[in-house]
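Residue numbers (mature numbering (1 follows the signal peptide of the UniProt record, and there is no 0)): -20 to -1, 1 to 469.
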Ligand SMILES: *[C@@H]1O[C@H](CO)[C@@H](O)[C@H](O)[C@H]1NC(C)=O
Ligand SMILES: *[C@@H]1O[C@H](CO)[C@@H](O)[C@H](O)[C@H]1NC(C)=O
Ligand SMILES: *[C@@H]1O[C@H](CO)[C@@H](O)[C@H](O)[C@H]1NC(C)=O
């Protein structure tokens, strides 16, 4: 089965006889992780300033985890048309497709709120969801707590009448998954997506009208609600969003983070992103999301995350999606490999249906990525970037990761770069400075690792001094299963 996936991983085991003597800056640990924090009981004293908050080490688990899954699920999953911005795109932007969808299918007095009673989640089975999360190989989950529509996916006393217990399924959709996941897989972290702003909350609209000189919405709604979510569910990720219309001072996000880091029940392990007010993206917080689908293709100096959706058009489920709207498995694996090689985590978003099902096409993507990871996960989880790789113009299309503990360098060759001559040049390996114990390949012959012959490069001929030339097995992996490899677009 596994060799059907055409992206092949090379594993090079490299042994350094004396790293310090050679003085070679082979890798450096980029992200200061606090190794003691999991058991630490020392008091924290972060102040609500970026200088203080940004000095907090990122809890170590996050960089090791690499692979996450995110669920965009809410009332927008009922129309399941156009996207999760349905309400705003209908009422404010008046997108023609949304306006005619409503005109043709619903009575004129139908409101967005009327969709909520059809958010039944009648097939929502958290045991099946956790099965899928496991098959995919996620190490963390980001579940929608509240999207811009303001509907909370759990009972919140700050969202009376507009939460999943009061209207819709009558269930604590978020809490059920958190419980199931923790019972079965305590090693997979549970996190919450939270939108600061809400499209049409009257308090928010009032504050906005006042140029954000008033803060009724923050004081009475979104801030206490976020505290409530942390206290009730103890999420280990706060995936913040919906921050961009106002400054961080309006949201009180620095106050929130100081509380989260100093005295919340998750202060030792919680990880946050960078969406805390206009202009904070890519600058402040925990790890950086920068923009949606951020994938810079070069090593980043700060821990980051590539969040992308399996449906290229929408985060929420769309019933009228075409197969070509979905990323192929190959595309997703390429994104994942590039991301991890450049120091990022890969967070794949799925849009479940209003009934609580994960669409089979999304299930298939997850299962296939999981098959790849079962063979090649050694080169993904718990690795660090190979910093020398950033200068490798000799072997483009090869993405490196590194495991210092085992002195293993992984070179992941993307299918499109499989050399025709069967000779792969690895320019980021310095065979003069490092002693290479073996070079092997995974996942091609269905028999685990196979050792490969290699030679040091000789100057010239496109092979940089110090690099190595590896002789690949005499197969072209993507010719073995044309069907699986052909793009469905
Ligand atoms: C909408 O109008 C119809 C009559 O045209 C009425 O039967 C229905 O109850 C109304 N629905 C709402 C939600 O007001
Ligand atoms: C959930 O799914 C599992 C596995 O398919 C099944 O055994 C279980 O009975 C289901 N639970 C409910 C409440 O339907
Ligand atoms: C908000 O306060 C600032 C500073 O006091 C003032 O310049 C501005 O006009 C106020 N905006 C509104 C909409 O009241």
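We treat Cβ as the ideally placed atom computed from N, Cα and C, and that holds for glycine.
Here the structure is a predicted model, which means the values were calculated and not measured.
Using only the heavy atoms of ligand 3, determine whether one of them is closer than 7 Å to the beta carbon of residue 229. Incorrect: residue 229 has no Cβ contact closer than 7 Å to ligand 3.
Quick one: measure Cβ to Cβ for residue 252 and residue 261, integer angstroms, because I've assumed they're closer than 8 Å. The C-beta distance from residue 252 to residue 261 rounds to 13 Å, too long to fall under 8 Å, and the pair is not in contact.
Among the candidates 77, 87, 64, 121, whose CA atom is the shortest distance from the CA of residue 42? Ranked by Cα distance from residue 42, the first of 77, 87, 64, 121 is 121.
Could you compute how far the alpha carbon of residue 449 sits from the alpha carbon of residue 419? CA-to-CA, the gap between residue 449 and residue 419 works out to about 10 Å.
Between which residues of its own chain and residue 268 is the CB-CB distance below 6 Å, once the five residues before and five after are set aside? These residues qualify, in order along the chain: 254, 262, 282, 284.
On a Cα-Cα basis, can you pick out the residue from 278, 233, 101 that is closest to residue 27? Considering only alpha carbons, the answer is 233.
Taking C-beta to C-beta, are residue 318 and residue 277 nearer than 8 Å? Going by C-beta atoms, residue 318 is nearer than 8 Å to residue 277.
Please report the Cβ distance between residue 210 and residue 244, rounded to the nearest whole angstrom; I am assuming they are in contact, meaning their Cβ atoms lie under 8 Å. About 5 Å separates the two Cβ atoms, so the contact holds.
Classify residue 224 as buried or exposed, calling it buried when 16 or more other Cβ atoms lie within 10 Å of its own Cβ. When all chains shown are included, residue 224 counts as exposed.
Output the distance between the C-alpha atoms of residue 170 and residue 246, rounded to the nearest integer angstrom. A straight-line Cα-Cα distance of about 11 Å links residue 170 and residue 246.
Since I believe residue 46 is in contact with residue 119 (beta carbons under 8 Å), could you give me their beta-carbon distance rounded to a whole number of angstroms? Right, their Cβ atoms sit about 7 Å apart.
Give the DSSP bridge partners of residue 331, in chain order. Looking at the DSSP assignment, residue 331 forms no beta bridge with any residue, so it has no partner.
Let me know the secondary structure DSSP gives residue 159 once reduced to three states. The three-state secondary structure of residue 159, taken from DSSP, is helix.
Per DSSP, cross-strand counterpart(s) of residue 365: BP columns for residue 365 point to 381.
Pocket of ligand 3 defined by Cβ to heavy atom distance under 6 Å: After applying the 6 Å Cβ criterion, the set is 190, 191, 193.
Do the segment 79 to 86 and the segment 154 to 167 meet, that is, are 3 or more Cβ pairs less than 8 Å apart? Verdict: no, contact absent.
Exposed or buried, what is residue 340 when buried is set at 16 or more other beta-carbons lying within 10 Å of its beta-carbon? Burial call: exposed.
My parser needs the beta strand (DSSP E) runs of 3 or more residues fully inside the segment 96 to 133; what are they? Taking only runs of at least 3 residues, the beta strand (DSSP E) segments lying wholly in the segment 96 to 133 are 120 to 126.
According to the Cβ coordinates, are residue 64 and residue 296 closer than 8 Å? It is a contact, given that the beta carbons lie within the stated cut-off.
Which residues in the same chain as residue 68 place their Cβ atom closer than 6 Å to its Cβ, once the five residues preceding and following it in sequence are excluded? Contacts found: 179.
Check for me: the beta strand (DSSP E) holding residue 68 runs from which residue to which? It is not in any beta strand (DSSP E) - residue 68 instead sits in the alpha helix (DSSP H) that spans 66 to 71.
CB contact flag (residue 55, residue 131, <8 Å): Against a cut-off of 8 Å, the Cβ pair of residue 131 and residue 55 comes out as a contact.
Given this structure, state the Cα-to-Cα distance separating residue 362 from residue 345, to the nearest angstrom. Taking the straight line joining both Cα atoms gives about 23 Å.
Please determine whether the Cβ atom of residue 108 lies at a distance below 7 Å from any heavy atom of ligand 2. Result yes, Cβ under 7 Å from ligand 2.
Put residue 90 into one of helix, strand or coil per three-state DSSP. Residue 90: coil per DSSP, three-state reduction.
If we count the other Cβ atoms within 10 Å of its Cβ and call it buried at 16 or more, is residue 309 buried or exposed? For residue 309, the number of other beta carbons within 10 angstroms of its own is at least 16, and it is reported as buried.
Count the other CB atoms within 10 Å of the CB of residue 462; is the residue buried (16 or more) or exposed (fewer)? With a pLDDT of only 36 at residue 462, under the threshold of 50, the placement of this residue in the model should not be trusted; the figure read from the coordinates follows. Around the beta carbon of residue 462, a 10 Å sphere encloses fewer than 16 other beta carbons of the protein chains shown; the residue is thus reported as exposed.
Three-state secondary structure (DSSP) of residue 248: Correct three-state label for residue 248: coil.
Which stretch, first to last residue, makes up the alpha helix (DSSP H) that contains residue 212? Annotation: the continuous alpha helix (DSSP H) that includes residue 212 extends over 203 to 213.
Beta bridge counterpart(s) of residue 451 as assigned by DSSP: Answer is 403.
8 Å Cβ shell around residue 429 - same chain, five flanking residues per side excluded: If the five residues before and after residue 429 are omitted, its C-beta is found closer than 8 Å to the C-beta atoms of -10, 420, 421, 422, all from its own chain and listed in chain order.
Over the uninterrupted beta strand (DSSP E) stretch that includes residue 297, give me the two end residues. Residue 297: not part of any beta strand (DSSP E); DSSP gives it neither H nor E.
In three-state DSSP terms, what is residue 479? A question about residue 479 goes unanswered here, because the residues of the chain that appear run from -20 up to 469.
Grab me the residues of residue 329's own chain with a C-beta within less than 7 Å of its C-beta, minus the 5 sequence neighbours each way, in chain order. Spatial neighbours of residue 329 in its own chain (CB-CB distance under 7 Å, excluding positions within 5 residues in sequence) are listed in chain order as 50, 52, 287, 288, 289, 290, 295.
Report the rounded CA-to-CA distance for residue 35 versus residue 220, giving the unit in angstroms. Distance between residue 35 and residue 220, taken at the CA atoms: about 19 Å.
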